[in-house]
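Below: one structure, written as structure tokens.
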Amino acid sequence: MRVMGIAGWSGAGKTTLLSRLIPVLVGRGFSVSTIKHAHHHFDVDYPGKDSHTHRVAGATEVLVSSVNRFALMHELRGEAEPSLAQLLSMLAPVDFVLVEGYKPEPHPKIEVHRVANGKPFLYPNDPTILALASDAAIADRNVTLLALENAEELVDFVQENAVSVEDVLRVLQGA
0 MRVMGIAGWS
10 GAGKTTLLSR
20 LIPVLVGRGF
30 SVSTIKHAHH
40 HFDVDYPGKD
50 SHTHRVAGAT
60 EVLVSSVNRF
70 ALMHELRGEA
80 EPSLAQLLSM
90 LAPVDFVLVE
100 GYKPEPHPKI
110 EVHRVANGKP
120 FLYPNDPTIL
130 ALASDAAIAD
140 RNVTLLALEN
150 AEELVDFVQE
160 NAVSVEDVLR
170 VLQGA
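Position one of the sequence shown corresponds to residue 0 (numbering that gives the first Met the number 0), numbered consecutively onward.
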């Protein structure tokens, strides 16, 4: 498995970019998984569903399965949020894992930047940002510049620069 992160401020278009990169990678014959860092109060379950009833009753894990997919929900109940390293270790083997968010984690990333957002760049302060995908021309030779709307170019970059999950885990675990 090879890993590449997509980082940027809220509203920069990380999810939109991933929704364009995934089908290109899949179309090239690769298998892809994603890890997305979510807001504090996200939920995939809601009152009225049997799985919700199980969780509210105190189940630590609820695994919901059907002929199409399964989902495992694990209640943290005061435990620390799993680290990126722990989450990477939970995934079934695939060719590429694309990580959305996890800005502070030291894994290779492409920064998504939209000028209209008015947010500062991340890359000058983060050596793990290997490229900048922006909707504007940036005159900085210290970072690889990629066209935000060119999914093929971005996927080429991911293919050439994603690193092995083992290398990422070594860095994340401080080895």
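Using N, Cα and C, we set each Cβ at its ideal position, and we do this for glycine too. Quick caveat, the model's predicted, so the values are computed rather than measured.
Query raised in the report: What separation, rounded to the nearest whole angstrom, lies between the Cα atoms of Asn67 and Arg27?
Result: 23 Å
Query raised in the report: Alpha carbon to alpha carbon, how far is Arg169 from Arg140?
Result: 29 Å
Query raised in the report: Taking C-alpha atoms, which residue in Thr52, Val96, Pro119 and Ile109 lies nearest to Ser30?
Result: Val96
Query raised in the report: Which word fits His112, buried or exposed, when buried means at least 16 other C-beta atoms lie within 10 angstroms of its C-beta?
Result: buried
Query - Identity of the residues DSSP links to Arg1 by a beta bridge - result: Phe95 and Ser163
Query raised in the report: Pick from Phe41, Leu83, Ala91 and Val61: whose alpha carbon is nearest that of Glu99?
Result: Leu83
Query raised in the report: If you run the structure through DSSP and keep just helix, strand and coil, what is His40?
Result: coil
Query raised in the report: Which residue comes first and which comes last in the alpha helix (DSSP H) that contains His106?
Result: Careful: His106 lies outside any alpha helix (DSSP H) and carries neither H nor E.
**Report entry** Burial state of Glu78 (16 or more Cβ within 10 Å)
**Finding:** exposed
Query raised in the report: Does DSSP classify Ser30 as helix, strand or coil?
Result: coil
Report task. Measure the C-alpha to C-alpha separation of Phe69 and Ile137 and round it to an integer number of angstroms. Result -> 43 Å
Report task. Ignoring anything shorter than 3 residues or poking outside the region 117 to 169, list the beta strand (DSSP E) runs there in chain order. Result -> 128 to 133 and 143 to 146
Query raised in the report: Among residues of its own chain, excluding the 5 on either side of His36, which ones have a beta-carbon nearer than 6 Å to its beta-carbon?
Result: Gly100 and Tyr101
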